[in-house]
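Beneath this line is the structure, given in structure tokens, with notes to follow.
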Amino acid sequence: MKKAKNIIVVLLAVVFVFVFTLGGIFLPDKDISKTERRKLAKFPQVTLNNILSGKFMTDFESYSLDHFPLRDGFRGLKGFVNRKVMLQKDNNGYYSYDGYIINSSYPIDEDSVSYATSRFEYIYETYLKGTDSKIYLTIVPDKNCFVPESEGYLAMDYTAFSEKVVNEMEYAKYIDIFPLLELSDYYATDTHWRQEEITDVAQHISKNMGVTLKSEYTVQKIETPFYGVYHGQSALNIEPDTMYYLQSDFLRNCTATDIESGLQFPIYDMGKLESESPTVIPDPYEMFLSGPNRAIIEIENPNATTDKELIIFRDSYANAIAPMFLEGYKKVTLIDIRRASPQFLGQFVEFNNQDVLFMQSTLVLNDSSEMK
């Protein structure tokens, strides 16, 4: 009897390996993983140099893992086993708390923070020092900030983090928004904050810059379910978010322009909600100002009652809040130095007598390697 059981187990293992090997060979390769929001590895080039150096086998391992049959299902099963059976606190650094998927942002990378502030100091010394511009700083915390310490998840010291940034940017007036935020201000499946929940944050920042916002909007619902970047990366089974955006008479008349290409586009780019192309990774959050990939964006309010201008050195969090500032400014310029080299900014933007806001998230400051 025992021998028969052993034979069955071996046969099942052989069948499993055989079936999944055939599946890996004959099933067509995919270009992207929509759940993980990334491009998948391609079959490596077979060259003598790649084989001798070991690069072929390293790349082939990545390729085979990316194209394993039923990969998404196995990733979900692994996440379930890790949390429910092995009772682990997280799955690959992601965990679920109160219906939200959160990434453990830990520890503080002091070198990364200092590199980011050194790039901002270069901007200050090169373009802003000696001008009439008023300079401000605000830091956007990630969701990990709002999980109670008693839950036992790893989290950085956000007070120490903020103090380090503020101390290294003494030329900027710090506008603290941490007390205004809570977990419900963010999407459950994504890194970003919800536009409809941060009108008070926009008012607070503007007030500290000497501008008053009425913030009278109608809230518009988007019917497309929002599976944020954390949904696929975490392999945690969380319901998709419902997205909303804010509309007003002044926003309907505003236009946004990509300064490098001259292309104009709407404040809310509804074409970003879905993608027909199998090689394009959709990200519905990119509906705000057409996403994070534009280096320099100018938004103009033709009905402004002021000549004031605002420049924001930003990451993608600013895309949702920047339209609100247009109520108090004639023009808002957004600059992302992960895509625009500070060395050449003077060719595109004239710095003089504007309000200048350095608005950066803890996630980007703590991983600033892409800043130029």
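One gets the numbering used here by counting positions in the sequence shown from 1 and adding 204 to each. Where a beta carbon is used, it is the ideal one built from N, C-alpha and C, also for glycine. Just so you know, these numbers come straight off a predicted model, no measurement behind them.
Item: Under 8 Å between C-beta atoms of Asp462 and Arg498; Value: yes
Item: For Tyr319, three-class secondary structure by DSSP; Value: helix
Item: Through-space distance from Thr537 to Glu502, alpha-carbon basis; Value: 4 Å
Item: Straight-line Cα distance separating Ile255 from Asn348; Value: 43 Å
Item: Rounded C-alpha distance that separates Ser520 from Met261; Value: 36 Å
Item: Straight-line gap, Thr363 to Thr566 (C-alpha atoms, nearest Å); Value: 11 Å
Item: Any beta strand (DSSP E) of 3 or more consecutive residues that is wholly inside the region 454 to 526; Value: 459 to 462, 500 to 504, 513 to 517
Item: Which of helix, strand or coil DSSP assigns to Met563; Value: strand
Item: Proximity below 8 Å, CB of Val370 to CB of Leu341; Value: yes
Item: Same chain, Cβ closer than 6 Å to Arg543, neighbours up to 5 away in sequence not counted; Value: Ala499
Item: Distance CB(Gly432)-CB(Thr459) smaller than 8 Å; Value: no
Item: Touch test, the region 352 to 362 against the region 306 to 321, Cβ-Cβ under 8 Å, three pairs minimum; Value: yes
Item: Whole-angstrom C-beta distance between Phe492 and Asn523, which should lie under 8 Å; Value: 4 Å
Item: Where the beta strand (DSSP E) containing Thr335 begins and where it ends; Value: Taken as a continuous stretch (DSSP letters only), Thr335 belongs to no beta strand (DSSP E), as it is neither H nor E.
Item: Own chain residues within Cβ distance below 8 Å of His408, not counting five before or after; Value: Ile379, Ile381, Leu384
Item: Distance, Phe454 Cα to Gln442 Cα; Value: Gln is not the amino acid found at residue 442; the sequence shown has Ile there. Spanning the two alpha carbons is a distance of roughly 36 Å.
Item: Bridge partner(s) assigned by DSSP for Met575; Value: None, per the DSSP bridge assignment.
Item: N-terminal and C-terminal residue of the beta strand (DSSP E) that Ile426 is part of; Value: 422 to 430
Item: Exposure of Phe365, with buried meaning 16 or more beta-carbon neighbours within 10 Å; Value: buried
Item: Met373 to Tyr434 span [Cα, whole Å]; Value: 31 Å
Item: Residue range of the unbroken alpha helix (DSSP H) whose run includes Gln407; Value: 403 to 412
Item: CA-to-CA distance, Phe517 to Gln192, given in whole angstroms; Value: The structure shown does not extend to residue 192, since the chain is modelled only from 205 through 576, so no value can be given for it.
Item: Distance CB(Leu332)-CB(Val560) smaller than 8 Å; Value: yes
Item: DSSP-derived helix/strand/coil call for Tyr357; Value: coil
Item: Chain-order list of residues whose beta-carbon lies under 8 Å from that of Ser573 (same chain, five-residue window excluded); Value: Ser316, Tyr319
Item: Among Ser545, Asp511, Glu386, the one whose alpha carbon lies nearest that of Glu531; Value: Asp511
Item: Beta-carbon proximity list for Phe278, same chain, < 6 Å, skipping 5 on both sides; Value: Here Phe278 scores only 46 on pLDDT, less than 50, and its place in the model should not be relied on; the value that follows carries that caveat. So the list is empty, once near-sequence residues are dropped.
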